[in-house]
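Numbering (full-length UniProt numbering), first residue to last: 1 to 276.
We treat Cβ as the ideally placed atom computed from N, Cα and C, and that holds for glycine.
Only one structure is covered here, and it is reproduced in the block below.
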């Protein structure tokens, strides 16, 4: 159980729920943003003293019933609810991030010759990729190990705006941090993930600001426009697919609308990789 993270998560989420959302009057003299502690306790069916201790990081280990009640009171979505349970020390099994990539997954991405594909772990380290993924993202095989981390790339690369554009980069940065926040809840004992978060908070004010929001959302399908220096803008559908029996790994695919200009650009890029 991570008492400090649980306490901060409860405070942040409470401040974002408005009284009308839970059927309470807003009132003219309300000074508290969001709900009051007493209101959350009442909605969750617990004593105000118990809830205050949870928000102060000194409460007892909450049961699954208590966490369920808090998730309902704070109107958490599924990703946020799962994160709450991890912070409360109630995951079904203690997961861990492993260092291997299944051979079957390596074979799969090698067969996807017309689709950029790579394997991403929960720390956002790129663990494996096919030639087209390297072509669209910039010669991954020539990068040092630290540069193969997508979080570092998004927040620390000096030419990231040239690859994604400012607006696209902002959306991707926010989604990535919300996803990394969920991973930190799933793997609270992973030292490398903790060190990555600490490093980024120290080096990137943008990351630190996004991290402080406590937004939680698992990345799934997302549209992304990639600016390639040779073939131009490629509008892709970025599909993030969980790997069966490996919660710490995901398969990322960049697909395009069939027959579109982006589809043609991707085919052109593949021809360039074959001829190089």
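Problem - Top-ranked residue by Cα proximity to residue 242, from 84, 55, 268 and 105 - result: For the purposes of this step, residue 242 is taken as residue 242 along the chain shown, with counting starting at 1. Comparing Cα-Cα distances from residue 242 to each of 84, 55, 268 and 105, the minimum goes to 105.
Exercise for the section: Measure the beta-carbon distance from residue 124 to residue 101 and round it to whole angstroms, keeping in mind my assumption that it falls under 8 Å. Expected result: What you label residue 124 is simply residue 124 of the chain shown in a count that begins at 1. What you label residue 101 is simply residue 101 of the chain shown in a count that begins at 1. About 15 Å; that fails the 8 Å criterion.
Handout entry: Supposed close pair residue 161, residue 153 - CB separation, criterion 8 Å
Key = Walking along the chain shown from the start, residue 161 turns up at place 161. Walking along the chain shown from the start, residue 153 turns up at place 153. That belief does not hold up - the Cβ atoms of residue 161 and residue 153 are roughly 12 Å apart, past 8 Å.
Handout entry: Those runs of the alpha helix (DSSP H) which lie wholly inside the segment 118-150 and span at least 4 residues
Key = 131-137
Exercise for the section: State whether the segment 103-121 contacts the segment 81-90, with contact taken as three or more CB pairs (one from each stretch) at a distance under 8 Å. Expected result: no
Exercise for the section: Go to residue 26, then tell me how far its alpha helix (DSSP H) extends in each direction, as first and last residue. Expected result: For the purposes of this step, residue 26 is taken as the residue at position 26 of the chain shown. Unbroken run through residue 26: none, as it is neither H nor E.
Practice task
Please confirm if the segment 13-26 is in contact with the segment 73-80, defined as three or more CB-CB distances below 8 Å between the two stretches.
Solution key: yes
Handout entry: Nearest candidate by alpha-carbon position, reference residue 182, set 199, 121, 262 and 170
Key = On the chain shown, residue 182 is found 182 positions in, with the first residue counted as 1. Here the closest residue by C-alpha is 121.
Practice task
Pull up the CB-CB distance for residue 261 and residue 240, whole angstroms please, since I reckon it's below 8 Å.
Solution key: Taking the chain shown and counting its residues from 1, the one referred to as residue 261 is at position 261. Taking the chain shown and counting its residues from 1, the one referred to as residue 240 is at position 240. Not a contact, Cβ separation roughly 24 Å.
Exercise for the section: Starting from the Cα of residue 216, find the closest Cα among 203, 80, 38 and 257 and give me that residue. Expected result: As a working note, residue 216 is residue 216 in the chain shown. Of 203, 80, 38 and 257, the residue nearest in Cα terms is 80.
Exercise for the section: Below 6 Å CB to CB, which residues in the same chain sit around residue 231 once its five sequence neighbours on both sides are set aside? Expected result: To locate residue 231, count along the chain shown from 1; it is residue 231. Beyond the five residues adjoining it in sequence on each side, residue 231 comes within less than 6 Å, by CB distance, of 265, 268 and 269 in the same chain, given in chain order.
Practice task
Can you give me the start and stop residues for the beta strand (DSSP E) that residue 242 sits inside?
Solution key: Residue 242 sits at position 242 when you count from the first residue of the chain shown. Note, residue 242: beta strand (DSSP E), 232-243.
Exercise for the section: Could you check what DSSP says for residue 98 in three-state terms: helix, strand or coil? Expected result: Reading the chain shown from its first residue, position 98 is the one you call residue 98. In this structure, residue 98 counts as coil in the three-state DSSP scheme.
Handout entry: Reference residue 98, options 83, 119, 21 and 229, closest by Cα
Key = Locating residue 98 in the chain shown gives position 98, counting from the first residue. Considering only alpha carbons, the answer is 119.
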